[in-house]
Structures are given as C-alpha cells and as structure tokens.
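Chains as they are written, first to last, in the numbering used here: chain A, 228 to 470; chain B, 228 to 470. No residue lacks a Cβ here, since even glycine has one placed at the ideal position from N, Cα and C.
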DNA sequence: AAGTGGTCTAGACCACCTC
DNA sequence: AGGTGGTCTAGACCACTTG
C-alpha cells in the first residue's frame with residue numbers, strides 16, 4: 228500500500244527509510260519484536276536488497292532498530308535522545324524537546340577575524356567575518372549565550388532581516404550555499420564570569436556548560452566557529468553514540 | 228602491492244579501510260588533494276565497486292575524507308578529535324591523548340539495584356547488579372570519579388582481580404559476552420558537592436562536567452549505567468558529529 | 001566528451017540461528 | 001532444513017564537474 232515514488236529525485240532508500248520511520252513512530256513495530264525481514268521489504272516495496280539494506284543501515288545508525296545476524300531486525304524502545312545524534316541546531320534541538328524558545332540579538336556586525344578565530348575558520352588573520360551574539364531564551368528565561376563567527380563564500384553577505392526571516396542561522400547558511408553537514412566540538416564545564424552571569428541571571432561562579440566548535444560544509448570548508456555558554460541547571464546535552 | 232587477504236575472516240571492506248587509513252596516516256594523501264578514485268581502488272585492490280564504497284563510507288563517517296559528486300574524494304586535515312567519534316572508554320580516550328593514567332578502586336560490590344538504576348538497566352527492582360566506584364588519576368592528580376552499575380548475563384560474575392588484569396571495565400565486559408557497542412549519554416555542568424570536591428581536590432561549588440549514560444550490547448541489552456564526574460578544569464569532551 | 005561519485009539491480013555465498 | 005542478516009560481485013544509469 229505505501230508505495231515509493233520512482234519519479235521523485237529523492238533516493239529510494241531514503242523514501243524507504245522515511246516510510247519505515249513513520250511505521251515505527253506509529254508503533255506498528257513493537258520494541259524488541261521482529262520487524263519485516265529484508266526479503267519481505269524487498270517484495271512489499273519492490274526494491275532490491277541493497278536498497279533495503281541502505282535504508283536499514285540508516286535506521287540502525289539513528290538508533291531506531293538493531294539487527295542480529297541469523298535472527299532478524301528488531302525495533303528499539305523509542306527514546307527522545309535517539310534522534311539527537313544528528314547534527315542539529317539550537318532551534319531544532321529545542322523544537323524536538325517541545326520547548327518554547329526565543330532569541331535576543333545582542334550583536335550583529337562584520338569584523339576582522341582575530342588570530343584564534345581566523346585559525347579555526349582557516350582564514351588569513353584580519354579577514355572579514357560576521358560576528359553574531361545571541362541570548363537564547365526558553366519559556367521566558369535565559370538559557371544560553373551564543374557567539375557565532377561566520378565565514379561566507381566570497382561575495383555572499385547576510386543581514387539582520389535575513390537572519391530573522393530564516394528563523395535560524397543554519398537555515399540561512401543553507402540558502403547561502405554553505406550548508407553545515409558536520410562539526411568538531413568540545414564540551415566542558417566552566418564557572419560563570421561576571422558578564423556572563425549577569426546575562427544568564429546567575430550568581431558568579433555558577434556552573435556553565437560550554438560547547439565550542441567548528442562547523443563544516445560538505446566540502447570540508449569551515450563556515451562557523453561558535454561558542455555556546457549554557458546554564459548548567461537548564462541544559463543537558465544528549466548524545467547517542469555508536470561503535 | 229598492499230594486497231588484501233581473502234582467506235581472512237575480516238571483511239574485505241574493513242581490510243581496505245584499514246589499508247587506506249594507514250596510507251592516510253603516513254601522509255601519502257595530502258589534505259584537500261584528490262585521493263585515488265573508486266575505479267582506481269577497484270583495480271589496485273581487485274575488489275568490486277560496492278566494497279570500495281563500503282570502505283569509503285566508513286572513512287567518511289569517521290571524518291577522515293570527504294567526497295564531492297562529480298569531482299572526487301579528498302583527504303581531510305588530520306585532527307586528533309576525529310577519531311573520538313567512536314564509542315570509547317576512559318582508558319582508550321586517555322591513551323589517545325597520551326596521558327599517563329591510573330585508577331583507584333574505591334568500591335566494588337554486588338548490591339540490589341535501586342529504582343533508578345533498575346529502570347536504566349531494564350531490570351526488576353532489587354535485582355543484583357555490580358557496583359564499581361573508581362577515582363581516575365591523570366599524571367598523578369585526580370580528574371574524575373566514576374560510578375558504574377553493571378548488569379551481566381545470567382550466571383556471569385566478575386572479580387576485582389579480573390577487573391585489574393583486563394585493564395578496563397569494557398575489556399572485561401567483552402570477555403563476558405557483553406560487548407558494549409552503543410550508548411545513550413547526557414552531559415551537563417554541575418557544582419561540586421562536598422564529598423565529590425574532597426575526592427577531586429577542589430573547592431565546593433567548582434564546576435564539574437557530569438557525563439551520565441547507559442551502554443548497550445549489540446542486541447540492545449543494557450549492560451552498564453554510569454556516572455562520571457569530571458573536573459571541569461582538567462577535562463574536555465571532544466566530539467565529531469555528522470549529519 | 002570523459003570522468004566522478006550517487007544510486008540501483010539481480011544474483012551469489014557465507015555464518016549463524018531457529019525449528 | 002530453512003530462514004536471517006553480512007558480505008561480495010558485475011553491471012547499469014544518472015547528475016554533475018572538468019577539460
């Protein structure tokens with residue numbers, strides 16, 4: 228019944244993955260119960276085994292199913308955390324957690340990159356970069372301060388208006404032909420300094436989860452260097468790791 | 228010249244991946260310079276294209292290369308962080324960072340699981356679990372306190388001696404037919420409580436990076452629930468994320 | 001026009017598990 | 001014995017980039 232669209236530009240294995248995710252979400256496959264076998268899926272969706280396996284591999288990667296040689300494929304207990312393995316922005320993150328969020332723009336300007344930033348973005352020192360500083364609010368209260376240094380393809384530029392209409396920085400970057408697909412990041416616990424404490428409405432010295440990193444496009448070009456100072460008491464970083 | 232062993236039980240694509248990783252490590256392929264094409268690799272290693280692609284996909288996943296349709300495959304700037312995407316234990320982690328580490332066993336006993344632990348490990352409350360508490364030292368100073376609650380397959384058991392000879396808990400778990408392959412974990416910043424502060428040689432209220440999670444076997448069975456309290460000033464969590 | 005990676009097919013053998 | 005997922009082959013078409 229749920230046939231795939233062979234005229235669509237979307238790969239078959241991706242359509243199949245989406246279809247199976249929908250069925251998983253609906254609870255059609257119970258946790259730890261066998262899912263349809265690869266052969267069955269080949270028949271019902273009329274695709275080759277390799278295509279089925281590409282879809283299943285993606286689902287396993289996302290932690291939605293597990294496979295046991297000789298036995299079969301099984302659905303996993305649904306968990307919110309599972310989907311967060313992927314690279315996701317603050318807006319996406321919060322949306323998935325069903326939190327009402329807002330952003331207050333504190334700074335927005337083009338400026339010459341200092342040494343550290345230039346190195347992270349693989350630029351010559353003093354090259355122009357966009358600097359964006361935002362206060363993140365969830366359910367009305369401050370949760371984080373976000374610093375972004377953005378490097379755009381030559382000739383491209385961004386405006387405050389664009390950032391606001393796009394909804395998120397990453398959505399905007401996609402439009403600018405600089406879609407982020409991977410990131411190196413570090414997480415550490417630090418104590419809040421006075422300025423930060425004031426912005427986040429915390430006592431000086433309160434624990435802060437600092438997430439810092441560089442985001443790359445598909446071609447390995449760095450587009451953004453960011454620092455996010457999260458209130459320790461209001462933010463948890465969720466992660467699903469596979470071998 | 229670097230032929231693959233077809234009699235080996237190790238999959239060809241994995242052998243090929245290892246071979247290419249070795250060549251990358253040696254610096255044979257310069258960053259952002261084209262690597263051999265898939266067709267070339269098919270010829271030189273005498274394998275099919277799918278096998279080549281399986282190997283390349285794994286390398287891309289690990290962040291060692293990137294591929295551009297229509298152009299080719301390219302080596303990436305080598306980074307230490309890249310390899311830490313994988314699931315790794317404290318011992319592995321530190322070894323890769325070239326830090327001399329030691330572990331002091333604080334507690335080791337079998338005890339009935341309380342409600343929270345039982346739920347994480349998917350056990351009935353009061354089921355017996357092993358409780359291990361360790362102080363982690365790097366270069367002589369304390370860096371973390373590690374709490375592990377371990378669930379073993381029926382009939383299996385562990386001893387202090389085994390833990391010490393195996394070197395790490397995970398190495399031991401592999402022997403016990405409970406190899407960890409994936410984990411759900413959360414990271415947050417908290418303030419050090421008095422007992423913890425004393426163990427880690429910190430003032431009360433100092434920032435701590437708490438990493439907490441459940442580790443699963445290949446079959447989706449939880450084996451370990453852990454809490455690691457890391458000194459904020461001596462520990463950074465490094466991560467490479469892909470879309 | 002030629003070459004690249006992205007996708008897809010049909011078919012095959014294997015180790016392993018269940019019956 | 002039959003079914004499962006894991007691996008591997010040979011071949012094909014496509015969109016895209018490069019000369």
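Residue pairing of residue 299 of chain B in beta bridges, as defined by DSSP: B:295. The C-beta of residue 446 of chain B comes closer than 7 Å to at least one C-beta of chain A.
Below the 8 Å Cβ cutoff, chain B contributes 413, 414 and 415 as neighbours of residue 463 of chain A, in chain order. Interface residue (Cβ-Cβ distance to chain B less than 7 Å): residue 237 of chain A is not classified as such. Take the alpha-carbon of residue 261 of chain B and the one of residue 338 of chain B: they are about 57 Å apart.
Nearest C-alpha to residue 364 of chain A among A:457, A:241, A:265 and A:230: A:457. Taking 7 Å as the cut-off, the beta carbon of residue 444 of chain A is found no closer than this to the beta carbon of residue 438 of chain A.
Below the 7 Å Cβ cutoff, chain B contributes 447 as neighbours of residue 303 of chain A, in chain order. Residue range 421-427 is occupied by the alpha helix (DSSP H) that includes residue 421 of chain A. Secondary structure note for residue 277 of chain B: its alpha helix (DSSP H) is the uninterrupted segment 276-288. As the crow flies, the alpha-carbon of residue 418 of chain B is around 23 Å from that of residue 362 of chain A. The secondary-structure analysis by DSSP pairs residue 411 of chain B across a beta bridge with A:467 and B:441. Scanning the region 322-377 of chain A for uninterrupted alpha helix (DSSP H) segments of 4 residues or longer gives 342-347, listed from N- to C-terminal end. Ranked by Cα distance from residue 247 of chain B, the options B:236, B:230, B:235 and B:408 are led by B:230. When DSSP states are grouped into helix, strand and coil, residue 462 of chain B belongs to the coil group.
Secondary structure of residue 387 of chain A (DSSP, three-state): helix. Cα atoms of residue 355 of chain B and residue 435 of chain A: separation of roughly 36 Å, rounded to the nearest angstrom. Selection B:235, B:453 and B:466 evaluated against residue 347 of chain B yields B:453 as nearest (Cα-Cα). Residue 301 of chain B and residue 292 of chain B have their alpha carbons spaced roughly 6 Å apart.
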